[in-house]
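These protein sequence lines are chains A and B, in that order. With this note's numbering applied, the first sequence covers -2 to 390. With this note's numbering applied, the second sequence covers 12 to 313. For each residue, glycine too, the CB sits at the ideal point set by N, CA and C. Source: prediction; values computed, not measured.
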Amino acid sequence: MSFRSAQSGNLVNSGNRGNSVNRGKSPATKTVSWVAVALATGMVLAACGGSDDEPSAAATLDPEADLSQQSLVVSNWAGYMPEDLPKRFTKEFGADVEVAEHATNEEIVAKLTAGGDSGIDVAFVSGQFAQALAEQDLVEPIDETLIPNLENLYPEATELAYDPGNQISVPYAWGTTGLCYREDLTGFAPTSWNDLLNPKPELENKTTMMATERWLMLPAQKALGFSVNTQDEEEMNQVRDQLIDTKPTLLAYDDTTFYERLISGEASLVQAWDGWCNYGIAEDDRIKFVVPEEGSDLWTDTMVVLKTSENKEAAHAFINYILDPKIHTWVVENILYKVPNQAAMEAVDPALIADFPNLGMTPAELLEQEALVDLGEAAPLYTQIATEVTASN
Amino acid sequence: MVNQSVQTARGAVRRRALFERLIYLGPGLTYLFIFLLLPLLLVLSYAFFQRGRFGGIEYEFTLDNFTRAFDPIYIDVLLDSVVIAGITTVLALLLGYPTAYVIAGLPKKWRTIALVLVVLPFWTNFLIRTYAWIVLLNSEGPVNSGLVGIGIVDEPISMLYTKPAVIVGLLYAYLPLMILPLYSSIERLDDEIGEAAANLGAGPVRRFFSITWPLTLPGVITGCIFVFVPSLGNFIVPELLGGGKTVMVGNLIRDQFLKARDWPFGAVLALAVIAFLVLLFVVQAWSSRRLEGSDVGSRVDA
């Protein structure tokens, strides 16, 4: 086998000799016609498939629908909901649930906007992305009558900037972004974004920041006194300059494993979401979390029902099931994120909140932070600046 | 009469040969057409339209995407990538040539074993192999604790998340792709030419540079292309071993499609890389044809 691959190196060379001599017209033409046949067959097949679909008419949802006749595809971040949840839902309501996983908002949005039916019924996306999807007319308005458990939500959770009144999305988890650190390594308790942006010399090469655009900008935006949703080019230029200055002091950009770096001691101070800092705290109680004094963001991860879904009743039932305190409390206790569900939060074991103090942040405290909203036309500006920062030398 | 029937017979043979070729090439060509040419045309067409608000394409003609690509920041990233891929290629050649040379000189049984060992890393997933370097090189990792333990350095040195770490990762990933074509080139060398040169008084250095090196140059070029091309487009290694601090053109393209949702600009960047590589292949084809030409010439002289 290895010999064969050795020879393939030669084939590339010998291919350059004497090809194109005999490549007459007819093979190429024939190939084209074969491809045409293949394509035509494909189209016919696709057309046949399409004709099976019933025209998914206006969405008057039937509260009496037989859910066991429906099945769901739910796309969520890996490890973000109870693993046995699909099974339990199926047991109770009869509808099969298949779970697809996505790694980022961008990934799931790309899937949902690629055109056609993504096959997904319920997607978990951050609020600003739910807003963008709604503007694209891709998500189904939430039918409140099918989700009685909405009343479990904190009143504050019904007035979030990306979707006031939860018309197109239902909040699943919420939180903020701050500094996650090991005081035994830093030697002090950081209080400001500047502790990260302009670190003390002994912290150089011991800090990480996130590279996902909105959170890459956030520390500099807040430290400079700007909005996390600013669309002002001048302000964003200042943000860029600060971030370019910060880059050489960083160990790395890290969106996913920052808490592991704290545990190993590779890093002392990292930018982190509250819930992910908790993963570090769970392993090492010397790890602490703080929201810097300049303020931070309020992010919300939501559930949306796709317009293309043919199982909208089951989709609503699924969301309703999640808002059941039994389930939503599990989320808090196992995923270690705060949920906007008053009934669920009140059922959380106080000992857990003592171990993970940021779980105890009240809705009022969270709402002091600035909610992320979709940037609309300013999105390319953020991308451009993110590129300039990460590509700077 | 005889002539004519010979000719018709030849024609039939030729036609059959053509038919056979079509049968052999048909599946491959169809595959390439559907999965290479069509997507490429799609990418090309994207480049001329505007970015959709949420990704995808807005079908309004524009050339802005091309002018944007000349922004110094993107040129810098491309040049940076070329330099990183270039250094990787040179190092791979320096490491790979002697290795291939030694393998080609081994007894047949050992040769097979050595070649299996060369491709052995491919049996493990690429991501896992790359992660292994993170474990090895990080400031709390075995390399650093070893260095500190022996007393060579006082404090762990930061090796991970630097450009050299990216180069090490790429080199490690693609070295076999250098060794294999080199090996097959060196293995085909006719020992008698070298012996003749030695008889005529050429020393080992002279023999290497006048005989071995020129005759194995096609293998060298193939190996270099095999290492350079995937290194240039790689985005996993710079992300993992560069800690996101090194951006290569592959990252840029990936980000345009998956993060920035700017398909048209991503398409332009992808086309720029393709254009660059096509140029490279043209040079390669041209130079190996020249090499083969001179090869034939020398044989005639002899």
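The secondary-structure analysis by DSSP pairs residue 294 (chain A) across a beta bridge with A:367. At a beta-carbon threshold of 7 Å, the residues of chain A lying near residue 88 (chain B) are 388, ordered along the chain. Distances from the CA of residue 98 (chain B) to each of B:178, B:164, B:159, B:274 were compared; the closest alpha carbon is that of B:178. Among the bridge pairs identified by DSSP, residue 286 (chain A) is matched with A:177. Straight across, the Cα-Cα distance linking residue 241 (chain B) with residue 255 (chain A) is about 29 Å. For residue 258 (chain B), the residues of chain A that pass the 8 Å Cβ criterion are 384, 387, 388, in the order they occur in the chain.
Straight across, the Cα-Cα distance linking residue 192 (chain A) with residue 287 (chain A) is about 12 Å.
Taking 8 Å as the threshold, the shortest C-beta distance from residue 156 (chain B) to chain A does not fall below it. Within the DSSP bridge table, the entry for residue 99 (chain A) names A:74 as partners. In the same chain as residue 142 (chain B), and ignoring 5 residues on each side of it, the C-beta atoms closer than 8 Å to its own belong to 251, in chain order. Here DSSP, grouped into helix, strand and coil, assigns residue 168 (chain A) to strand. With fewer than 16 other CB atoms across the displayed protein chains lying within 10 angstroms of its CB, residue 202 (chain B) is exposed.
Using a Cβ distance threshold of 8 Å, residue 116 (chain A) and residue 160 (chain A) do not count as a contacting pair. Interface with chain A (8 Å Cβ-Cβ cutoff): residue 269 (chain B) is included. The shortest C-alpha to C-alpha distance from residue 273 (chain B) to any of B:75, B:31, B:52, B:47 is the one to B:75. Take residue 164 (chain A), set aside five residues on each side of it, and the residues of its chain with a beta-carbon closer than 7 Å to its own are 138, 139, in chain order.
Excluding the 5 residues flanking it on each side, residue 327 (chain A) has same chain C-beta neighbours closer than 6 Å at 79, in chain order. For residue 248 (chain A), the enclosing beta strand (DSSP E) begins and ends at 247 to 250. Listed by position along chain A, the residues whose Cβ is nearer than 9 Å to that of residue 272 (chain B) are 103, 106, 107, 110, 376, 380. Contact between the segment 235 to 247 of chain A and the segment 193 to 206 of chain A is present: three or more C-beta pairs spanning the two stretches fall below 8 Å. Interface with chain B (8 Å Cβ-Cβ cutoff): residue 120 (chain A) is excluded. Only those residues of the segment 228 to 247 of chain A whose C-beta falls short of 8 Å from the nearest C-beta of chain B are listed: 244, 247. An exposed status is given to residue 70 (chain B), since fewer than 16 other beta-carbon atoms sit within 10 Å of its beta-carbon.
For residue 67 (chain A), no alpha helix (DSSP H) segment is defined, and its DSSP state is neither H nor E. Residue 104 (chain A) and residue 170 (chain B) have their alpha carbons spaced roughly 31 Å apart.
DSSP places residue 149 (chain B) in the coil class of the three-state scheme, outside both helix and strand.
Per the DSSP secondary-structure output, residue 268 (chain A) pairs in a beta bridge with A:176. Here the segment 231 to 238 of chain B does not lie against the segment 148 to 162 of chain B, with fewer than 3 beta-carbon pairs under 8 Å apart.
In this structure, DSSP gives residue 101 (chain B) a helical state, which the three-state scheme calls helix.
Per the coordinates, the alpha-carbon of residue 56 (chain B) lies some 25 Å from the alpha-carbon of residue 87 (chain B). Inclusion of residue 277 (chain B) and residue 261 (chain B) in the CB contact set at 8 Å is not warranted, their separation being larger than that value. For residue 62 (chain A), the CB contacts under 6 Å within the same chain, skipping 5 residues up- and downstream, are 310 in chain order.
Not a single C-beta of chain A is nearer than 8 Å to the C-beta of residue 136 (chain B). Residue 25 (chain B) and residue 19 (chain B) have their C-alpha atoms roughly 10 Å apart.
Unbroken alpha helix (DSSP H) stretches of 4 residues or longer found wholly inside the segment 145 to 219 of chain B: 153 to 161, 174 to 198, 202 to 210, 215 to 218, given in chain order.
Residues of chain B whose Cβ lies closer than 7 Å to the Cβ of residue 249 (chain A) are, in chain order, 172, 254, 255, 256.
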